[in-house]
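Residues in the sequence shown are numbered consecutively from 267, following our numbering. Working notes for the structure below.
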Amino acid sequence: MRALVLLLILCACASPSPRMLGASRHDVRLEGIDFAIFHKDEVAEVVRMTFVARPSRRNIPALMAQAAAQATGCEVIAFSGKALAPRDTGVVRFDLDCWGALSRRPDS
267 MRALVLLLIL CACASPSPRM LGASRHDVRL EGIDFAIFHK DEVAEVVRMT FVARPSRRNI
327 PALMAQAAAQ ATGCEVIAFS GKALAPRDTG VVRFDLDCWG ALSRRPDS
């Protein structure tokens, strides 16, 4: 029983993939869905923390891209999103344009 409780606790934690070790973590909630965003260099890895039933997942990739942009302050490069598991919306990695986003900000 203790092993099951420990397993459930560990499954509830979000951690980055080995490529993203040392990344900064940001937490974002959009439309009631929680995301953990790991940002390193010009890459963001977004982990969906909230369960979403399969029929309701249509908008999740767009929300993940929005969460990555919001958390990092960078622009998500169009069509760069790649799921770590095929056809899964649990973890997606995005390429970012951080320099272009900085040059387009009104305060710069």
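We put the beta carbon where it would ideally sit given N, CA and C, even for glycine. This structure is a prediction, so every number in the text was calculated from the model and none was measured.
Taking the C-beta atoms as reference points, Val342 is found no nearer than 9 Å to Glu311. If you look at Leu296, you'll find it in the beta strand (DSSP E) that goes Ser290 to Leu296. Sixteen is the threshold: when 16 or more other Cβ atoms of the shown chains lie within 10 Å of the Cβ of Arg314, as they do, the residue is buried. It is roughly 16 Å from the alpha-carbon of Gly347 to the alpha-carbon of Arg285. Distance from the CA atom of Leu296 to the CA atom of Arg324, rounded to whole angstroms, is 14 Å. For Leu362, the enclosing beta strand (DSSP E) has its first and last residue at Val357 to Asp363.
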